[in-house]
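**Student:** Protein sequences, first through last, are from chains V and S.
Using our numbering, the first residue of the first sequence is number 241, and each one after it goes up by one.
Using our numbering, the first residue of the second sequence is number 446, and each one after it goes up by one.
Here it is, the structure in full.
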Amino acid sequence: MTTHLRVVAPGPSSTIQDRGRVGYQRYGVSVAGAADPLLHAVANALVGNRPGEGAVEFTLAGDSVVVEGGPVRIAVAADAELTVDGEPVPSWTSLRLTDGQSLRIGALRSGMRGYWAVEGGFALQPVLGSIATHIRSRMGGLDGGALKPGDRLPLALDQAADRGERCLDPSLLPGRGGRLRVMLGPQQDYFTPAGIEAFLEEDYTVSHEADRMGCRLDGPVIEHARGFNITSDGIPLGAVQVPGTGRPIVLLADRQTTGGYPKIACVVGPDVAALAQMRPGERLRFTPVDAAEAGRIQARHREMVDGLPALLQSAGGFALYDSGRLLGFNLIGGVVTGWD
Amino acid sequence: MSVTTSFPAPVLRPAGDSALIVELGDGIAQDLNAAVHRLDRRIADAALPGIVETVPTYRSILVQFDPAVTAAEPLGQALLGLAAELTQTAAEPQLRWIVPVCFGGAHGEDLDDVARRSGLSAEEVVRLHCTADYRVYMLGFSPGFAYLGGLPEVLHQPRRENPRMVTPAGSVMQGGAQAAISPIAMPSGWHLLGRTPARTFDLKREPPFLLAPGDRIRFTAISAAEFDRLEGLSGYLPDCETVTAPAALLQGAAA
C-alpha cells in the first residue's frame, strides 16, 4: 500500500507548490509555484530533497496531517508551533513520523506563508510539467484546489530513508526588511516625474487585498502621464502595475500572463518573496537598482539556495560544518550585505 | 513584399531581473503582430543560451531568461540583432485552422443583437465571420484563451454591459474589435455568436493547446445536427492547412 498523508484539518489556504509551470505562459497558463522559493527550498533541504520538489505552502496557519503507512520524513520551514500527537516538536528540523502519528502545524508567529516538505516529495501527476497548484485555472496539486479535510496525499517514498535528522538555525537565513528593490520599467514612461518620485520616495502599506496572484498597496497615488491603458503585454514576476486608481499592485506567482495596465517597475526576484511574506498593514519602500545590481542580487540569492545543504546541522546539535567553516563561505558575506 | 519596413526601430524595455521586453511598435495591427510572431520564431530558432520562455503579445515579446546563464545586456543585444534582421526573412508557413461553428440560436444567443446593432441581418454577420481571415494575436487571460484579430470593422461594438457569469467552452465570441473562442467555461462580457465542437484547450490531449500565437483561423458555418455529431466524436480536431505568411497577409488586408 502506498504511503499517504491524510489531511485532517487544512490551514486556511494550503496548496502544493513547486518551481512553477514554466514554458506555457504563451498559452495563457500562469506560472504559479512557491511564493517564497527560499523557504520552500529550506523545507526541501531539511528532508534531503532537491530545491524544486513539490511541498505544501500554507498561509497564516498550517495543516494537521496523519501518516498512513510510512515511516515518513517531514520538515516544516516556518515560525510556528508544531505538535506531534499533541507533544511540542521544533520547527526547522526534519522529523520521522510513523504510521498513525499526526503532525499539527499551528498559526504563524511571523510572516504570511510557511512550507512543509516530505522526503521524496508527493506522487502526483504533473500537469504541463509541474504539480504547482493554480486554483484559478484548477491546475496541479490535488484536483487543482487547496488542501481540504480528508484529502490523501500520496508520497513518492513508501518509507523514509534510514538516517539522522537535520535542522537549520533560521537566524542564518537572510533578514527581510521593508525595503523592496525594483528595476524601473517596462513602462515608466507612462508616469509623470511626480508619480515616479512618489513611488520611490514614499512609504506604501500592504493592503488586505493580497493573495498569491498579487498584492495591492495603499499609499500615495502614482500619477499617470498618459492614461492607464497600454496594449496588453506580458507580465513578469514582481511587476508593479498601476491601474486607474494610481495605487500599485505587485504581481506574484499566480499572476495572469498578460495585462493592459502600465507597469512602472519590477521588484527583483528575492524581494518579491519578501513581499509575499509581509502582512496587511506592514510598511515598505521601493529602492531603484540597475540591471547590474539586480544581477548581483540574483547571484547572491542563488548562492544562498545552492548553499542551503551546507547550512544544515544534525538535529542532535552536532554541526556538519562548524561556524569557522561557515564564515569561510563567500555566500555568508554576500547574503548579509545583499539583504541587510 | 516586406511588411515590417514601416515600423519604428525595435525597443528593449527592462522587465525585472530575469526578463526583457522587445517591443516592435504599439497598438493592435495585423502586420505589427505578424512581425512579432516572426521575431518569436526567430528567437526560438536562434536558441540563445539562457532563454527560459517567450510570451509573444500584440506588439511585443516578453523574454524570460535565467540570470544564472545570461544577463540582460548581452541577451538584449542579441535580441535587437534578431529584430533588426526581421525584414530579411523569407515567407514563413503558418497553420490555418478551419473551425466549424454552429451560429445563432441556443448556441449563439447574442447573434441577433449583434446583427441589429450593426444594421445587418444575422445571415450577413455569419457570412462576415466566415470570410474574415482571423489571426491569433496572442493567448492570455486564461489557459488557451486566444485573442483573434481580423474582426470586420462593421462588427466592432462594445462588450456587454452585464457580463455573463458562465459561457460554455467552445463559445465563439466577439468583443470590441476582437473575436475569441473560449477554451473552458468561464465568465465573459463578450457577445456569443455560436459554438464550435472543437476544444481549444484539453489537458487530456497532447499537446493540450489547439491554437498557438500566430496561427490563423477561418470559421465555417455548420448546422446544429453537425455540431452534435462532431461534438460526439472523441478527440475531434478541426481541419487545418498550411499557408504562407505574406500571401495570407495580403488576403487578410483585403478581407
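Heads up, the beta-carbon is just placed ideally off N, CA and C, and yes, glycines get one too.
#1: Can you confirm whether Y501(V), when its beta carbon is compared against all beta carbons of chain S, has any partner nearer than 8 angstroms?
#2: Using a cut-off of 7 angstroms between C-beta atoms, extract the partners of A643(S) located in chain V.
#3: How big is the Cα-Cα spacing for A275(V) and H574(S)?
#4: How is D325(V) classed by DSSP in three states: helix, strand or coil?
#5: Are P460(V) and Q481(V) closer than 8 angstroms when you measure CB to CB?
#6: Does DSSP put A317(V) in a helix, in a strand, or in coil?
#7: Whose Cβ in chain V lies nearer than 7 angstroms to the Cβ of I473(S)?
#8: Output yes if chain S places a C-beta closer than 8 angstroms to the C-beta of Q257(V); else output no.
#9: So Y503(S) contacts chain V; which residues on that side make the cut at Cβ distance below 8 angstroms?
#10: Rounded to a whole number of angstroms, what is the C-alpha to C-alpha distance between G495(S) and G474(V)?
#11: I want to see whether chain V comes within less than 8 angstroms of A480(S), judged by CB atoms only; does it?
#12: Any chance you could list the beta strand (DSSP E) runs of at least 3 consecutive residues sitting entirely within the region 427–452 of chain V, in chain order?
#13: Alpha carbon to alpha carbon, what distance is there between Q517(V) and E359(V)?
#14: Should L484(S) be flagged as near chain V, meaning a C-beta pair shorter than 8 angstroms?
#15: Let me check understanding here. Comparing Cα to Cα, which of R406(V), E308(V), E449(V) lies closest to L393(V)?
#16: Does the CB of I466(S) have a neighbour CB from chain V at under 8 angstroms?
#17: Measuring CA to CA, which of Q257(V), V305(V), V329(V) is closest to E297(V)?
#18: Against chain S, does R290(V) count as a neighbour if the rule is that its beta carbon must be under 8 angstroms from one of theirs?
#19: Can you tell which of P628(S), Q623(S), P455(S) has its C-alpha closest to the C-alpha of V611(S)?
#20: Given that I537(V) touches chain S, what residues does it touch there, using C-beta distances under 9 angstroms?
#21: In this structure, what does DSSP give as the bridge partners for H590(V)?
#22: Who are P538(S)'s beta bridge partners in DSSP?
#23: Spatial neighbours of L675(S) within its chain, please: C-beta separation below 6 angstroms, excluding the five flanking residues on both sides.
#24: Roughly how many angstroms lie between the CA atoms of V688(S) and P538(S), to the nearest whole one?
#25: Can you give me the Cβ contacts of V506(V) inside the same chain, cut-off strictly under 6 angstroms, excluding the 5 residues immediately before and after it?
#26: Using 8 angstroms for Cβ pairs, my map puts A400(V) next to V312(V). What's the rounded Cβ distance?
#27: Are R266(V) and S370(V) closer than 8 angstroms when you measure CB to CB?
#28: Just to confirm before moving on: does the CB-CB distance between F586(S) and Q496(V) stay below 8 angstroms?
#29: Can you name the residues of chain V whose CB is closer than 9 angstroms to the CB of F499(S)?
#30: Rounded to the nearest angstrom, what separates R259(V) and A295(V) at their Cα positions?
#31: How about R421(V) and V329(V): are their beta carbons less than 8 angstroms apart?
#32: Have a look at I470(V), L395(V), A493(V) and flag the residue whose alpha-carbon is nearest the alpha-carbon of T242(V).
#33: With a Cβ-Cβ cutoff of 8 angstroms, do D511(V) and S270(V) count as a contact?
#34: From the DSSP output, in three-state form, read off G557(V) for me.
#35: For a test of the three-state rule: what should DSSP assign to T243(V), helix, strand or coil?
#36: Nearest-angstrom Cα distance between H464(V) and F431(V)?
**Tutor:** In this structure, then:
#1: no
#2: None at all; the shortest Cβ gap to chain V is about 16 angstroms.
#3: 43 angstroms
#4: coil
#5: no
#6: strand
#7: T471
#8: no
#9: T471, S472, D473
#10: 18 angstroms
#11: no
#12: 444–450
#13: 25 angstroms
#14: no
#15: E308(V)
#16: yes
#17: Q257(V)
#18: no
#19: P628(S)
#20: D462
#21: The question about residue 590(V) has no answer here: the residues shown for chain V are numbered 241 through 580.
#22: T689(S)
#23: P642, Y681
#24: 5 angstroms
#25: In the sequence as displayed, the identity of residue 506(V) is Cys instead of Val. Correct list, in chain order: M423, P476, G478, A479.
#26: 6 angstroms
#27: no
#28: yes
#29: The sequence given here has Thr at residue 499(S), not Phe. Within chain V, the residues near T499(S) are Q265, R266, G474.
#30: 10 angstroms
#31: no
#32: L395(V)
#33: no
#34: Caution applies to G557(V), whose pLDDT of 42 falls short of 50 and renders its modelled position unreliable; the value that the coordinates give is listed next. Three-state result, G557(V): coil.
#35: coil
#36: 4 angstroms
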